[in-house]
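Structure record follows, encoded as structure tokens.
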Amino acid sequence: MMGGHHAISGTAAWMALAGSATVLGHVSGLDLWDLSPSQVIAGAVVATGAALLPDIDHPGATIARSGGGLTKALTRAVSRAAGHRGATHTLLAVVAFTALAAFVNGLDWQVRVPVLGEIEAGAALLVTILCALGTRALKTVEGRLLPWAVGLAGGLLVAVTAPDTSFWLPAAVAVGALTHLVGDLLTTDGVPFPTWPLVAKPPKRLASPLWQRSGDVAVPLLGDAGSAREWLLCAVLTGYAVLTTAATLAMAPEVLVL
Ligand SMILES: [Zn+2]
């Protein structure tokens, strides 16, 4: 699946699970965690960026091009160590991304910012990075630095409007990264066996596009990455994400006022 498509499916998945706004007379999300509207919006921003994290193993992906030489070197190193669609595309990696987010989020690291006062810098940093990644993948702004400016604004905005990040931030990272795996699972290349690093490989005669010789699994409803079906699905997800986000924003005027 393409970077922008991963990003928007992360937004849509988060809105479906955490959202509660009414769109066209229907409740648009499952409201699983009883979050406030500003927490739902903040989580959507985080899930959008987190949906790009597994492609940290791909030197050509959005994530590689987001932080100049540093992220390029990082993605090249991960790609060499894990291969593309390897270790970072597993449930274990989702657990690791989530644990890392929970750890940084939990650091008691307060920084005084002019006008805003004291903020939790760990959470603000995470939101800044993931917001910049999502902004870049969705091509909402162009250029190298502008996505980071948007990311920083997002990080500071979240620090003010949804300061209790203890639950929704790691949850949004988990939802975003998991959505990435689902997206790749739906294409012909698939993802590693779910219990990776314990991989069950099929006997030769049972190997199929669904359970491949390598042990990778796929439910290739979308065909090859970047197919017309993938574009169509993501057009629908974009519509859903835009409508639900707008309806949630209308319930959280404090986000708009700032
Ligand atoms: Zn991927």
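Quick note on this note's numbering: the sequence shown kicks off at 1 and runs consecutively.
Where a beta carbon is used, it is the ideal one built from N, C-alpha and C, also for glycine.
Looking at ligand 1, does it come within less than 6 Å of residue i, judged from the CB to the closest heavy atom?
{"i": "D224", "result": "no"}
{"i": "A220", "result": "As written in the sequence, residue 220 is Pro, which differs from the Ala given in the question. P220: no, Cβ never under 6 Å from ligand 1."}
{"i": "D263", "result": "There is no way to answer for residue 263, as the model of the chain reaches only from 1 to 258."}
{"i": "P192", "result": "no"}
{"i": "P54", "result": "yes"}
{"i": "D31", "result": "no"}
{"i": "D184", "result": "yes"}
Going by DSSP, what residue range makes up the beta strand (DSSP E) through residue i?
{"i": "E118", "result": "117 to 120"}
{"i": "W219", "result": "According to the sequence shown, residue 219 is Val rather than Trp. It is not in any beta strand (DSSP E) - V219 carries neither H nor E in the DSSP assignment."}
Quick check: residue i and residue j, are their CB atoms within less than 7 Å of each other?
{"i": "A16", "j": "G29", "result": "yes"}
{"i": "V127", "j": "V158", "result": "yes"}
{"i": "P203", "j": "W211", "result": "no"}
{"i": "P194", "j": "L91", "result": "yes"}
{"i": "S79", "j": "D108", "result": "no"}
{"i": "T140", "j": "A13", "result": "no"}
{"i": "A252", "j": "I41", "result": "yes"}
{"i": "A124", "j": "P170", "result": "no"}
{"i": "M1", "j": "D184", "result": "yes"}
{"i": "G134", "j": "G49", "result": "yes"}
How far does the alpha helix (DSSP H) with residue i in it extend, from its first residue to its last?
{"i": "R112", "result": "From DSSP, R112 is part of no alpha helix (DSSP H) but of the beta strand (DSSP E) over 110 to 113."}
{"i": "V141", "result": "Note, V141: premise wrong, no alpha helix (DSSP H); not H, not E."}
{"i": "A264", "result": "Since the displayed the chain opens at 1 and closes at 258, residue 264 lies outside it and no answer follows."}
{"i": "R80", "result": "68 to 82"}
{"i": "T179", "result": "168 to 185"}
{"i": "L304", "result": "With the chain covering 1 to 258 only, the question about residue 304 has no answer from this structure."}
{"i": "R229", "result": "228 to 251"}
{"i": "S208", "result": "Taken as a continuous stretch (DSSP letters only), S208 belongs to no alpha helix (DSSP H), as it is neither H nor E."}
{"i": "M15", "result": "3 to 18"}
Compute the beta-carbon to beta-carbon distance between residue i and residue j, rounded to the nearest angstrom, for a pair I have assumed lies under 8 Å.
{"i": "S66", "j": "A172", "result": "Contact flag wrong, Cβ pair sits at about 18 Å."}
{"i": "R76", "j": "P59", "result": "5 Å"}
{"i": "E206", "j": "I8", "result": "Here residue 206 is Leu; the residue named in the question, Glu, does not match the sequence. Not a contact, Cβ separation roughly 35 Å."}
{"i": "T278", "j": "P209", "result": "Lying before the first or after the last residue shown, residue 278 is absent from the chain, which here runs from 1 to 258."}
{"i": "A21", "j": "T244", "result": "6 Å"}
{"i": "E230", "j": "H5", "result": "6 Å"}
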